[in-house]
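**Student:** Please see the structure below; I have some questions.
Number of protein chains: 2
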Amino acid sequence: MSTTIVSSEVEKLAEIPLLKRLSTEAREQLLRGATKKSVSRGEMIFFQDDEADAFFIVLEGWVKVFRATSSGDEAVVGVFTRGQTFAEGAAFTNSNYPASGEAVTDSVVLCIPVAHLANSIAADPNIALAMMSSLSMHLHQLVLQIEGLKTHTGAQRVAEFLLNLSTEPAGSCTLVLPYDKALIAGRLGMKPESLSRAFQKLKSYGVEVKQNRAIISNVQVLRTLVEQERTVVMHSSHG
Amino acid sequence: MSTTIVSSEVEKLAEIPLLKRLSTEAREQLLRGATKKSVSRGEMIFFQDDEADAFFIVLEGWVKVFRATSSGDEAVVGVFTRGQTFAEGAAFTNSNYPASGEAVTDSVVLCIPVAHLANSIAADPNIALAMMSSLSMHLHQLVLQIEGLKTHTGAQRVAEFLLNLSTEPAGSCTLVLPYDKALIAGRLGMKPESLSRAFQKLKSYGVEVKQNRAIISNVQVLRTLVEQERTVVMHSSHG
DNA sequence: CTACTTCCTTGATTTTCGTTAGGTCCTTTT
DNA sequence: AAAAGGACCTAACGAAAATCAAGGAAGTAG
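So the protein lines, in turn, are chains W and A.
If you count the first sequence from 1, position 189 lands on 188 in numbering that gives the first Met the number 0, and the numbers rise without skipping.
If you count the second sequence from 1, position 185 lands on 184 in numbering that gives the first Met the number 0, and the numbers rise without skipping.
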């Protein structure tokens, strides 16, 4: 189900990073061709290898982007929520989506056709700058993800994930895991069983996980764990 | 050592993907602010956390981009050669380089200040489109790298690497490893020892490595290995 | 030719992690 | 209330890969 954007909504959408730095006119121009789409949990938003004719912004809920190998194995490339853009890279390749997108909770996404984006950029080149900024942020994020995979242990990656969710700069904090553990595992490049073990290890660093709630007794302890060298972690007594 | 671009060079540089689709005027405009920089093997091109005031295009040689953790561990994020751009993501974040760049062979790079890029885009918005295409390609490449790390074994990743170097679509082929094995290992997310063992495993798939030369007796055999599921590889008799 | 460095390989050991299987707890359904 | 299903945890095994340590090959300088 999809609907166009009514002008009364435009101002609310100004909170979105991609749209924030645009002039009111540019924002309205870009949104004129956009549609709002409600998707249920588990519903596909776009398919790997399909022609890339649109990119998206999450308005509500959580969306995962993943690559499926020929034989069913799946690698989660990103998980996005409110205000974040996804699949915007495909919009400039004139080709196909390199991955698939799926709602992991009931969600609402803004769908912007690439043809309309091209028109909008022609009308106002500042839109291009905003897009480039968005692309760059994704690039940076992927760089960090690769670094994490290569140099951090499973437990360290989980700690990093929790720290990203936490808002407190120090001390203790309680947070809600935003989606189920199988997806968290995928997102962090591990299997659910390994995630389980990682949570076990984190207990000795003051992390308690019950259901979808995590309690960190000291954020800074966790931070030191993340910054530690891989080898140090491996040989530590906290096994 | 760095020099400006003389106009007789501009046409040669038209081969570079980023510059290819630009008009002659746009190309000249962009190159007007660029400088050519010769760097020796091992020399740094930019430093992680430094202010990102330029992006680069490789003209000759090989360049690695890597992230160093606080404790000396290092993750190779990309290795680039002739015609490829790097660090172009940093140009739009108004912030600092998320990684460092270093020449791994004697190299020549084109250095384009971000301030000049901004001016050039204002002068000709088509430059923005070319940049976005370049950013998207990098994004796609990183997505593939993440998928590879998550779903392929070491030997599979090495096979993939060799296939990317080979130009032959089928049959046998000989190729030269472009940089030393420690870097290849880093690039593929493994240790040099593991790379060595991966080469051993690939012998049963018709790959022979001597010094910096690799001989693939049948490209397609290798391709099937890469496309196999992780579990299949693990349980195969080719241990 | 020999000593030295650098790069690479090999072997033995350990750790991590995927796989499989079985179990608990909780929710939904009948 | 009982049954069924799903999400999650645990345990045991094996494969992959990191670590530690040692040895070999090639290039370079003396």
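In this text, a Cβ means the ideal position worked out from N, Cα and C, and glycines have one as well.
For clarity, every value in this text was computed on a predicted model and none was experimentally measured.
In or out: W:T84 buried (at least 16 other Cβ within 10 Å) or exposed?
**Tutor:** Flag for W:T84 reads buried.
**Student:** So what does DSSP say about W:T104, is it helix, strand or coil?
**Tutor:** Correct three-state label for W:T104: coil.
**Student:** Are the beta-carbon atoms belonging to W:A33 and W:V64 less than 8 Å from one another?
**Tutor:** With respect to the 8 Å criterion, W:A33 and W:V64 are not classified as neighbours on the basis of their beta carbons.
**Student:** Check A:A184 in the structure and name its three-state DSSP category.
**Tutor:** It is helical.
**Student:** With a cut-off of 8 Å, does the C-beta of A:Q144 fall near any C-beta of chain W?
**Tutor:** yes
**Student:** Taking Cβ-Cβ distances shorter than 7 Å, what residues in chain A pair up with W:K149?
**Tutor:** Within chain A, the C-beta atoms nearer than 7 Å to that of W:K149 come from A74, G188, in chain order.
**Student:** Of all Cβ atoms in chain A, is any one closer than 8 Å to the Cβ of W:L182?
**Tutor:** no
**Student:** How big is the Cα-Cα spacing for A:S236 and W:D52?
**Tutor:** A caution first: A:S236 carries a pLDDT of 36, below 50, which makes its placement in the model unreliable, though a value can still be read off. One C-alpha to the other measures close to 44 Å.
**Student:** Would you mind stating whether W:I120 and W:L21 have Cβ atoms separated by less than 8 Å?
**Tutor:** no
**Student:** Where does A:V64 fall in DSSP's three states?
**Tutor:** strand
**Student:** What's the C-alpha gap between W:L162 and W:R222?
**Tutor:** 7 Å
**Student:** Check each candidate in W:E73, W:S133, W:V76, W:S39 and name the one with the smallest Cα separation from W:I15.
**Tutor:** W:S133
**Student:** Could you give the distance in angstroms between the alpha-carbon of A:V9 and the alpha-carbon of A:D123?
**Tutor:** 17 Å
**Student:** Using the Cα positions of A:A90 and W:A129, report the straight-line distance between them to the nearest angstrom.
**Tutor:** 12 Å
**Student:** Can you list, in chain order, the residues of its chain with a C-beta nearer than 6 Å to that of W:G188? Leave out the 5 residues immediately preceding and following it.
**Tutor:** L148
**Student:** Excluding the 5 residues flanking A:N93 on each side, which residues of the same chain have their C-beta closer than 7 Å to its C-beta?
**Tutor:** none
**Student:** If you scan the stretch 103-190 of chain A from start to end, which runs of the alpha helix (DSSP H) of 4 or more residues do you find wholly inside it?
**Tutor:** 113-122, 125-150, 153-164, 180-186
**Student:** Enumerate in chain order the residues of its own chain whose CB-to-CB distance from A:V57 is below 6 Å, with the five nearest sequence positions on each side excluded.
**Tutor:** F79, T80, R81, Q83, V108
**Student:** Under 8 Å, Cβ to Cβ, is there at least one residue of chain W near A:L240?
**Tutor:** Not covered by the structure: residue 240 of chain A. The range shown for chain A is 0 to 238.
**Student:** By DSSP, does W:L58 sit in helix, in strand, or in coil?
**Tutor:** strand
**Student:** Just to confirm my understanding: we take A:S77, look at its own chain, exclude 5 residues before and 5 after, and list those with CB closer than 6 Å. What are they?
**Tutor:** Residue identity check: residue 77 of chain A is Gly in the sequence provided, not Ser. Taken in chain order, the residues that qualify are V64.
**Student:** Could you name the residues of chain A that W:H137 contacts, counting a contact when the two beta carbons are closer than 8 Å?
**Tutor:** Taking a Cβ-Cβ threshold of 8 Å, the residues of chain A close to W:H137 are L138, in chain order.
**Student:** Residues bridged to W:A53 by DSSP?
**Tutor:** W:P112
**Student:** With a cut-off of 8 Å on the beta carbons, I'd call W:A86 and W:F54 a contact; round off their distance for me.
**Tutor:** 5 Å
**Student:** State buried or exposed for W:V5, treating a residue as buried only when at least 16 other CB atoms are found within 10 Å of its CB.
**Tutor:** exposed
**Student:** Using only CA atoms, which one of W:A74, W:Q155, W:H137, W:L29 lies nearest to A:L143?
**Tutor:** W:A74
**Student:** Checking contacts by CB at 8 Å: is A:G88 closer than that to chain W?
**Tutor:** yes
**Student:** Taking 8 Å as the threshold (beta carbon to beta carbon), is A:H234 in contact with chain W?
**Tutor:** A caution first: A:H234 carries a pLDDT of 43, below 50, which makes its placement in the model unreliable, though a value can still be read off. Output row for A:H234: interface = no.
**Student:** Does W:R66 have its Cβ less than 8 Å from a Cβ in chain A?
**Tutor:** yes
**Student:** Compare the C-beta of W:P112 against all C-beta atoms of chain A and say whether one is closer than 8 Å.
**Tutor:** No, its Cβ sits nowhere closer than 8 Å to a Cβ of chain A.
**Student:** Would the C-beta of A:K19 count as close to the ligand MN, meaning under 7 Å from any of its heavy atoms?
**Tutor:** For the ligand MN, the structure offers nothing, since it holds no ligand at all.
**Student:** So A:E24 is in the alpha helix (DSSP H); what residue range does that whole segment cover?
**Tutor:** 23-31
**Student:** With W:A169 and W:V225 assumed to form a contact (beta carbons below 8 Å), what rounded beta-carbon distance in angstroms separates them?
**Tutor:** No, W:A169 and W:V225 are not in contact; Cβ-Cβ is about 14 Å, not under 8 Å.
**Student:** Kindly list the residues whose CB is nearer than 7 Å to the CB of A:E167, restricted to its own chain and excluding five residues on each side of it in sequence; keep chain order.
**Tutor:** Excluding positions up to five away in sequence, the list reads V218.
**Student:** Report the residue from A:N118, A:V206, A:Q155 whose alpha carbon sits nearest the alpha carbon of A:E27.
**Tutor:** A:N118
**Student:** Can you give the Cα-Cα distance for A:S41 and A:T68, rounded to whole angstroms?
**Tutor:** Note that residue 41 of chain A corresponds to Gly in the displayed sequence, not to Ser. Cα to Cα, A:G41 sits roughly 19 Å from A:T68.
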